[in-house]
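Asker: Our numbering puts the first residue of the sequence shown at 163, with every later residue one more than the last.
The beta-carbon is built from N, C-alpha and C at its ideal position, and this holds for glycine as well.
What follows is a single structure, and I will ask about it in a moment.
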Amino acid sequence: MLITLDESHRQLVHQARDEAGAWLATKGTDQYRGGLDLTQVHTNIDRDFDAHEFVGWQVDGQVVAMLAISTPDTDFWTPAERVELQTYISRFYVTEHGRGHGAALLGAVEERAHQAGNHWLRLNCWTTNTRLHDYYRAHGYKHVRTCDVPTRPSGALFEKDLLGS
Ligand SMILES: CC(C)(COP(=O)(O)OP(=O)(O)OC[C@H]1O[C@@H](n2cnc3c(N)ncnc32)[C@H](O)[C@@H]1OP(=O)(O)O)[C@@H](O)C(=O)NCCC(=O)NCCS
Numbered sequence: 163m164l165i166t167l168d169e170s171h172r173q174l175v176h177q178a179r180d181e182a183g184a185w186l187a188t189k190g191t192d193q194y195r196g197g198l199d200l201t202q203v204h205t206n207i208d209r210d211f212d213a214h215e216f217v218g219w220q221v222d223g224q225v226v227a228m229l230a231i232s233t234p235d236t237d238f239w240t241p242a243e244r245v246e247l248q249t250y251i252s253r254f255y256v257t258e259h260g261r262g263h264g265a266a267l268l269g270a271v272e273e274r275a276h277q278a279g280n281h282w283l284r285l286n287c288w289t290t291n292t293r294l295h296d297y298y299r300a301h302g303y304k305h306v307r308t309c310d311v312p313t314r315p316s317g318a319l320f321e322k323d324l325l326g327s
């Protein structure tokens, strides 16, 4: 079931991001490594949590996947792209891998976005992590372009056409 997260879930988002960092360290990628320490990461999550809606996928009363409904990143998307009808996601984490919880949440968010009349589901993700790119491709996303912005390692842009063309 798709739910909107509330204050009681803030620490869960911190924890899921911490665990994602540890999990990724075993995956042969530099995603989430270098740069920010966890205190700064949590501060950034709090900033997003205060500014945006976070949604979760709930199974048996537990939130098992989460993401933020945010806005197109101005470092990466053009003004023309940013005004198109879209849902923009970030901070996509699961509490347990291999169960399809993330995919279930993504599908529910796509369905909600489609019903709201959005044309696109969009995101930016880690530039060098081709396995993550494969994940999005497997879920119907197309690579738009990769932006080379100094200090921004998440410049790979993906989108899904919710109108199905
Ligand atoms: C992305 C995510 C939310 C998807 O959740 P999910 O749909 O339940 O899928 P799973 O976690 O079971 O992963 C499915 C497959 O994608 C791979 N995958 C997913 N994210 C990956 C990543 N960041 N780097 C490398 N591989 C990744 C998994 O290894 C797995 O591969 P396998 O089928 O060969 O075992 C979850 O994998 C996650 O929390 N990843 C870490 C954080 C992250 O990268 N978030 C996206 C930021 S844009």
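#1: Would you mind stating whether Asn-280 and Thr-249 have Cβ atoms separated by less than 8 angstroms?
#2: By the three-class DSSP mapping on this structure, what secondary structure does Leu-229 have?
#3: Does the beta carbon of Ala-227 fall short of 7 angstroms from some heavy atom of ligand 1?
#4: My guess is that Arg-179 and Ile-207 are in contact by the Cβ rule of under 8 angstroms, so how many angstroms apart are they, rounded?
#5: Which one of Arg-172, Met-228 and Trp-239 has the shortest CA to CA distance from Cys-309?
#6: Check each candidate in Leu-319, Gln-224, Asp-237 and Gly-302 and name the one with the smallest Cα separation from Ala-312.
#7: Quick check on DSSP: helix, strand or coil for Tyr-194?
#8: If you compare alpha carbons, which of Arg-293, Arg-314 and Leu-229 is closest to His-263?
#9: Does the contact criterion of 3 or more C-beta pairs under 8 angstroms hold for the stretch 313–320 versus the stretch 209–228?
#10: Taking 7 angstroms as the cut-off, is the CB of Gln-277 close to at least one heavy atom of ligand 1?
#11: Going by DSSP, which residues form a beta bridge with Tyr-255?
#12: Could you tell me if Thr-257 is buried or exposed, where buried requires 16 or more neighbouring beta carbons within 10 angstroms of its beta carbon?
Answerer: With the structure as the only source:
#1: The answer is yes: Cβ separation under 8 angstroms.
#2: Three-state result, Leu-229: strand.
#3: Because some heavy atom of ligand 1 lies under 7 angstroms away, the Cβ of Ala-227 counts as near it: yes.
#4: With a contact defined as Cβ atoms closer than 8 angstroms, Arg-179 and Ile-207 qualify at about 6 angstroms.
#5: Looking at the Cα atoms, Trp-239 is the closest of the given residues.
#6: The sequence given here has Pro at residue 312, not Ala. Of the candidates Leu-319, Gln-224, Asp-237 and Gly-302, the one whose C-alpha sits nearest the C-alpha of Pro-312 is Asp-237.
#7: It is coil, neither helix nor strand.
#8: Each of Arg-293, Arg-314 and Leu-229 was checked against the Cα of His-263, and the nearest Cα belongs to Leu-229.
#9: Not touching, per the Cβ criterion.
#10: The answer is no for Gln-277.
#11: Looking at the DSSP assignment, Tyr-255 forms a beta bridge with Met-228.
#12: Buried: at least 16 other Cβ atoms inside 10 Å.
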